[in-house]
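Following: one structure in structure tokens, then a few remarks.
Residue numbers (the working numbering): 52 to 217.
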């Protein structure tokens, strides 16, 4: 039995392929965005992720050594599906995540906030997210700054993708 991928997901994966194989020349800038997001949001973990058919690729990170997770376990999968900033104040109490291995085991996620990385063509590739092991909320300022930094990260990713085809 073959599984048919919805056209929208096919287009998203096609757009994502441009970004997965890039040799980043702006790596320090993208890493700095992750570090600033963690600092502003007062979270120990921040990530820039890209999500393909099966995996969440963690391209830039602070506060964790994780390099990938299963897509089915990725909080960012919900972020890209909904196309807007997702805030989970307490993952232990959110039915979508209570049995998630990233909640029940390492890194013991309780709080998550992720802003989708959306291309100029409208494809959600992954997210800029912040994570904490304690349940909490973001202030409006922190949410705005996370979304601003997401835009800066996406601008750099788009630049890298355009340079890589030259």
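C-beta: ideal position from N, C-alpha, C; glycine also. Here the structure is a predicted model, which is why all the values come from computation and not from measurement.
Is residue i helix, strand or coil by DSSP?
| i | result |
| --- | --- |
| residue 187 | coil |
| residue 59 | helix |
| residue 202 | helix |
| residue 118 | coil |
| residue 170 | coil |
| residue 150 | coil |
| residue 97 | strand |
| residue 138 | strand |
| residue 65 | helix |
| residue 144 | coil |
| residue 91 | helix |
| residue 160 | coil |
| residue 53 | Here residue 53 scores only 46 on pLDDT, less than 50, and its place in the model should not be relied on; the value that follows carries that caveat. If DSSP states are grouped into helix, strand and coil, residue 53 belongs with coil. |
Could you round the C-beta distance between residue i and residue j to whole angstroms and report it? I think they count as a contact, below 8 Å.
| i | j | result |
| --- | --- | --- |
| residue 70 | residue 101 | 6 Å |
| residue 185 | residue 161 | 6 Å |
So the alpha helix (DSSP H) residue i belongs to, where does it begin and stop?
| i | result |
| --- | --- |
| residue 131 | 126 to 133 |
| residue 73 | No alpha helix (DSSP H) contains residue 73, which DSSP labels as neither H nor E. |
Excluding five sequence neighbours on each side, which residues of the same chain lie with their C-beta closer than 7 Å to the C-beta of residue i?
| i | result |
| --- | --- |
| residue 64 | 103 and 104 |
| residue 204 | 81, 84, 99, 168 and 179 |
| residue 114 | 89, 95, 96 and 97 |
| residue 193 | 91 and 92 |
| residue 75 | 81 and 211 |
Since residue i is in the beta strand (DSSP E), which residue starts that stretch and which ends it?
| i | result |
| --- | --- |
| residue 109 | 106 to 113 |
Skipping 5 residues on each side, what residues in its chain have a beta carbon closer than 6 Å to that of residue i?
| i | result |
| --- | --- |
| residue 111 | 81, 82, 85 and 99 |
| residue 130 | 137, 165, 167 and 178 |
| residue 188 | 140 |
| residue 225 | Residue coverage of the chain in this structure runs from 52 to 217, which leaves residue 225 outside it and unanswerable. |
Output needed for residue i: all residues of its chain with C-beta closer than 8 Å, excluding positions within five of it in sequence on either side, in chain order.
| i | result |
| --- | --- |
| residue 198 | 136 and 166 |
Would you verify that the beta carbon of residue i is, or is not, closer than 9 Å to some beta carbon of chain D?
| i | result |
| --- | --- |
| residue 170 | Absence of chain D from the displayed structure is noted, only one protein chain being present. |
ask   = Between the segment 81 to 89 and the segment 142 to 153, do three or more beta carbon pairs fall short of 8 Å?
value = Touching, no, given that fewer than three Cβ pairs across the two stretches are closer than 8 Å.
query = On the three-pair Cβ rule with 8 Å, is the segment 162 to 174 touching the segment 103 to 118?
reply = no
query = Counting Cβ pairs closer than 8 Å, one from the segment 122 to 140 and one from the segment 172 to 182, do we hit at least three?
reply = yes
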